[in-house]
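Written out below as structure tokens is the structure these notes cover.
Number of protein chains: 2
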Amino acid sequence: MSIPTSSVPASVLQARDIVTPAMRAAVGRLCPDMARIASYHHGWTDEFGIPASGSGKSLRPALVLLSAQATGAPAEEAVPAAVAVEFVHNFSLLHDDIMDADQERRHRPTAWTVFGRSAAILAGDALLIEAAAILAEQPRGGGAAAARLMSDTQRLITGQAADLEFERRGDVTLSECLAMVANKTGALFASACAVGAILVEAPAAVVRGLTGFGEHLGLAFQLVDDLLGIWGDPRRTGKPVLADLRSRKKSVPVVVALTAGTGASARLAELYFDPVPLPESELAEAATLIEEAGGRAWTEAEAARHLAAALDCLDRLALPSDVLDNFREIAYFVTDRSW
Amino acid sequence: MSIPTSSVPASVLQARDIVTPAMRAAVGRLCPDMARIASYHHGWTDEFGIPASGSGKSLRPALVLLSAQATGAPAEEAVPAAVAVEFVHNFSLLHDDIMDADQERRHRPTAWTVFGRSAAILAGDALLIEAAAILAEQPRGGGAAAARLMSDTQRLITGQAADLEFERRGDVTLSECLAMVANKTGALFASACAVGAILVEAPAAVVRGLTGFGEHLGLAFQLVDDLLGIWGDPRRTGKPVLADLRSRKKSVPVVVALTAGTGASARLAELYFDPVPLPESELAEAATLIEEAGGRAWTEAEAARHLAAALDCLDRLALPSDVLDNFREIAYFVTDRSW
Numbered sequence: 000m001s002i003p004t005s006s007v008p009a010s011v012l013q014a015r016d017i018v019t020p021a022m023r024a025a026v027g028r029l030c031p032d033m034a035r036i037a038s039y040h041h042g043w044t045d046e047f048g049i050p051a052s053g054s055g056k057s058l059r060p061a062l063v064l065l066s067a068q069a070t071g072a073p074a075e076e077a078v079p080a081a082v083a084v085e086f087v088h089n090f091s092l093l094h095d096d097i098m099d100a101d102q103e104r105r106h107r108p109t110a111w112t113v114f115g116r117s118a119a120i121l122a123g124d125a126l127l128i129e130a131a132a133i134l135a136e137q138p139r140g141g142g143a144a145a146a147r148l149m150s151d152t153q154r155l156i157t158g159q160a161a162d163l164e165f166e167r168r169g170d171v172t173l174s175e176c177l178a179m180v181a182n183k184t185g186a187l188f189a190s191a192c193a194v195g196a197i198l199v200e201a202p203a204a205v206v207r208g209l210t211g212f213g214e215h216l217g218l219a220f221q222l223v224d225d226l227l228g229i230w231g232d233p234r235r236t237g238k239p240v241l242a243d244l245r246s247r248k249k250s251v252p253v254v255v256a257l258t259a260g261t262g263a264s265a266r267l268a269e270l271y272f273d274p275v276p277l278p279e280s281e282l283a284e285a286a287t288l289i290e291e292a293g294g295r296a297w298t299e300a301e302a303a304r305h306l307a308a309a310l311d312c313l314d315r316l317a318l319p320s321d322v323l324d325n326f327r328e329i330a331y332f333v334t335d336r337s338w
Numbered sequence: 000m001s002i003p004t005s006s007v008p009a010s011v012l013q014a015r016d017i018v019t020p021a022m023r024a025a026v027g028r029l030c031p032d033m034a035r036i037a038s039y040h041h042g043w044t045d046e047f048g049i050p051a052s053g054s055g056k057s058l059r060p061a062l063v064l065l066s067a068q069a070t071g072a073p074a075e076e077a078v079p080a081a082v083a084v085e086f087v088h089n090f091s092l093l094h095d096d097i098m099d100a101d102q103e104r105r106h107r108p109t110a111w112t113v114f115g116r117s118a119a120i121l122a123g124d125a126l127l128i129e130a131a132a133i134l135a136e137q138p139r140g141g142g143a144a145a146a147r148l149m150s151d152t153q154r155l156i157t158g159q160a161a162d163l164e165f166e167r168r169g170d171v172t173l174s175e176c177l178a179m180v181a182n183k184t185g186a187l188f189a190s191a192c193a194v195g196a197i198l199v200e201a202p203a204a205v206v207r208g209l210t211g212f213g214e215h216l217g218l219a220f221q222l223v224d225d226l227l228g229i230w231g232d233p234r235r236t237g238k239p240v241l242a243d244l245r246s247r248k249k250s251v252p253v254v255v256a257l258t259a260g261t262g263a264s265a266r267l268a269e270l271y272f273d274p275v276p277l278p279e280s281e282l283a284e285a286a287t288l289i290e291e292a293g294g295r296a297w298t299e300a301e302a303a304r305h306l307a308a309a310l311d312c313l314d315r316l317a318l319p320s321d322v323l324d325n326f327r328e329i330a331y332f333v334t335d336r337s338w
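Protein sequence lines correspond, in order, to chains A and B. Residues 0 to 338 (numbering that gives the first Met the number 0) make up the first sequence, in order. Residues 0 to 338 (numbering that gives the first Met the number 0) make up the second sequence, in order.
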């Protein structure tokens with residue numbers, strides 16, 4: 000997505016400046032074939048290896064650095080953790096794009112469409128391995144941080160497996176859908192908020208509080224993303240209008256509406272489970288039906304509830320005021336994505 | 000491969016008995032979809048989840064347990080390391096089978112042909128993640144062992160990337176080919192011989208010696224495997240006769256022959272780079288040409304050289320005599336695969 004830089008929290012921009020050189024150095028240690036793909040995927044180079052200007056949003060690295068600062072450690076000490084979390088995130092994007100046959104990411108062709116499926120599978124593997132290696136080789140809390148990141152990454156796999164399974168099923172329940180979202184997005188946000196603190200050996204109570212913040216924030220983030228996937232402005236989301244409905248994604252608003260038991264639910268099911276691609280007019284009708292069946296309002300309320308719960312976790316920790324402010328700013332930023 | 004049990008070293012059979020329950024327990028902690036695939040891939044169940052009798056050879060777990068025993072630790076302490084190494088091995092098999100479009104492994108359909116590519120990619124990811132998690136969460140040498148295993152696994156990726164690249168190239172040099180083999184097979188054998196010792200905090204000199212043993216043994220193992228891929232008895236290898244030539248694999252004997260500069264080399268290149276599938280008679284001719292150009296003799300000598308170097312590494316370590324005997328027995332077993 001192209002975000003006006005002015006709206007991005009300063010802590011996110013700073014994290015990008017601090018963490019990107021370490022990410023590039025780590026990618027540079029991979030074998031040349033893998034480095035080329037990882038570099039393309041991160042937006043640093045084009046498909047020929049020529050420098051490009053794009054890059055990700057660095058939300059997760061910002062959370063990692065702040066989590067270390069939460070207990071008074073300098074941000075720099077958490078850089079390996081930030082690199083590891085961002086590599087896990089990008090490993091999952093590389094593999095998910097293959098599984099979902101997605102053609103485009105961040106306005107560019109996905110890595111597998113450029114380099115082939117086999118090479119993109121391997122590049123994802125390489126980033127995942129490097130993430131674990133970077134953390135495990137750190138002294139002090141490195142082993143514990145690596146164990147925590149891998150355990151959250153296993154939840155990510157569980158979420159992706161559920162997502163794949165949902166594609167073949169017409170009877171997905173709301174609680175299954177929410178569990179999938181918690182695993183697929185909540186887990187890595189929770190890790191982003193915990194592993195920096197674990198690496199600098201923060202007290203267990205702080206790690207627990209930050210974990211709660213991250214988990215709720217991840218859920219709020221994904222629920223907002225689900226709303227944007229249906230009602231977001233394509234100029235801002237970078238996705239086509241009604242994109243998630245076109246691909247028949249079983250996102251939270253859709254599952255809420257399908258399982259609400261209203262007349263609109265029944266009509267939505269007719270449209271949604273029709274094997275024929277829907278014309279634009281019926282996509283718009285589906286969006287209206289989801290709203291009528293309560294899918295939009297419920298998801299908005301649930302996102303707000305998780306944002307409040309996230310902020311509540313923060314307030315229970317006696318954080319330095321600048322760290323608290325930066326965490327809060329990111330929380331509002333990622334859940335109010337009208338940009 | 001079906002091996003007469005009597006010829007398998009006792010230490011390998013014992014390792015299987017000790018390590019398999021821990022592997023099953025770890026697979027049982029994955030989400031049900033991933034557990035089903037991992038269980039099928041390991042040969043514990045059929046595609047419907049019904050118990051089956053097959054399983055791998057447990058060579059690597061045996062090396063891991065012996066490496067811990069090398070410094071007097073009980074084998075049981077190294078079980079998490081043995082599980083981790085075996086999971087990394089099976090992660091790589093799951094992903095490689097997809098990349099190479101292999102239909103069969105251990106006389107059964109490969110996992111991706113049964114469960115689909117996406118699910119098999121995810122199952123490989125799940126095993127890799129679990130391998131890193133299991134080691135990293137161990138006290139004492141867990142973090143260091145995880146870092147070492149991941150760094151060797153990164154070499155495995157480098158080797159597989161080279162292997163993929165070789166398929167598209169007609170000018171692979173012998174040194175490139177040997178580097179690929181060292182990365183693809185040597186690295187994980189080296190890890191198998193090192194991470195158990197690292198986990199129980201063996202002295203650095205012992206870890207170095209065991210690493211050298213493992214690296215040379217892995218090379219010898221793969222060179223013998225390359226010989227069997229051309230001249231092995233199909234009843235014993237479980238592969239069709241001349242399998243590696245049929246798939247135009249650039250294995251070591253082939254690359255030695257292609258780069259030998261003899262008349263046989265030139266004729267072999269004509270056959271090998273012909274895009275049309277070779278009839279059986281020309282496959283047999285190719286095998287003869289490889290032998291005439293010196294590919295068989297060179298590879299046999301190189302395998303013997305690495306076996307000797309591996310044994311020399313062992314002899315330089317003051318190992319307990321039972322551990323030394325068991326290591327030696329495995330070394331002869333994996334390089335004399337006339338069974």
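Every residue, glycine too, gets a C-beta built ideally from N, C-alpha and C. Because the structure is a prediction, the values reported are computed rather than measured.
C-beta atoms of residue i and residue j nearer than 8 Å
i, j, result
"methionine 149/A", "isoleucine 197/B", "no"
"alanine 122/B", "alanine 51/B", "no"
"valine 194/A", "valine 84/A", "yes"
"leucine 187/B", "valine 275/B", "no"
"glycine 294/B", "proline 252/B", "yes"
"alanine 181/B", "threonine 210/B", "no"
"alanine 81/A", "leucine 93/A", "no"
"aspartate 96/B", "isoleucine 156/A", "no"
"alanine 61/B", "isoleucine 329/B", "yes"
"glutamate 301/B", "leucine 226/B", "no"
"alanine 309/B", "leucine 216/B", "yes"
"alanine 130/A", "valine 78/A", "no"
Unbroken alpha helix (DSSP H) run spanning residue i, endpoints
i, result
"leucine 65/B", "58-68"
"proline 395/A", "Residue 395/A lies beyond the residue range present for chain A, which begins at 0 and ends at 338; the question has no answer from this structure."
"cysteine 176/A", "173-180"
"aspartate 95/B", "78-98"
"serine 10/B", "9-27"
"serine 280/A", "279-291"
"glutamine 221/B", "203-230"
"serine 190/B", "186-198"
"alanine 265/B", "262-271"
"arginine 154/B", "141-166"
For residue j and residue i, the rounded distance between their alpha carbons
i, j, result
"glutamate 214/B", "valine 7/B", "21 Å"
"valine 322/B", "alanine 242/B", "36 Å"
"alanine 317/A", "leucine 306/A", "19 Å"
"phenylalanine 220/A", "tyrosine 331/A", "10 Å"
"aspartate 16/B", "methionine 98/B", "32 Å"
"alanine 256/B", "threonine 112/B", "34 Å"
"glycine 142/A", "alanine 144/B", "9 Å"
"leucine 29/B", "glutamine 153/A", "8 Å"
"arginine 167/B", "alanine 259/B", "20 Å"
"glycine 262/B", "glutamate 269/B", "11 Å"
"isoleucine 2/B", "arginine 105/B", "Low local confidence applies: a pLDDT of 44 at isoleucine 2/B is under 50, so the model's placement there is unreliable, and no value is given."
"glycine 228/A", "valine 254/A", "14 Å"
"lysine 56/A", "histidine 41/A", "10 Å"
"threonine 191/A", "aspartate 324/B", "A quick correction: the sequence has alanine, not threonine, at residue 191/A. Each residue's alpha carbon lies about 48 Å from the other."
"alanine 72/B", "arginine 147/B", "19 Å"
"proline 31/A", "arginine 327/B", "37 Å"
"threonine 172/A", "alanine 178/A", "10 Å"
"isoleucine 133/A", "phenylalanine 47/A", "28 Å"
"glutamine 13/A", "arginine 266/A", "48 Å"
"aspartate 170/B", "aspartate 162/B", "13 Å"
"glycine 115/B", "valine 205/B", "43 Å"
Minimum Cβ-Cβ distance from residue i to chain E less than 8 Å
i, result
"serine 264/B", "Checking the listed chains, one finds no chain E in this structure; the protein chains it contains are A and B."
**Request:** Let me know the alpha helix (DSSP H) ranges lying completely inside the region 308-334 of chain A, each 4 residues or longer, listed in chain order.
**Result:** Within the region 308-334 of chain A, the alpha helix (DSSP H) runs of at least 4 residues that lie entirely inside it are, in chain order, 320-334.
**Item:** Residues within the region 139-156 of chain B neighbouring chain A, beta-carbon criterion of under 7 Å
**Value:** Gly141, Gly142, Ala145, Ala146, Met149, Ser150, Thr152, Gln153 and Ile156
**Asked** Of all the residues that make up the region 25-36 of chain B, which are near chain A by a beta-carbon distance shorter than 9 Å?
**Response** Within the region 25-36 of chain B, the residues whose Cβ lies closer than 9 Å to some Cβ of chain A are Arg28, Leu29, Cys30, Pro31, Asp32 and Met33, listed in chain order.
**Message:** Short of 8 Å Cβ to Cβ, which residues in the region 181-205 of chain A face chain B?
**Reply:** Hits within the stretch: zero.
**Message:** For the region 66-82 of chain A, list every residue whose C-beta sits within 7 Å of some C-beta in chain B, in sequence order.
**Reply:** none
**Asked** Name the residues in the region 98-123 of chain A whose C-beta lies less than 9 Å from a C-beta of chain B; which are they?
**Response** Met98, Asp99, Gly115, Arg116, Ser117, Ala118, Ile120, Leu121, Ala122 and Gly123
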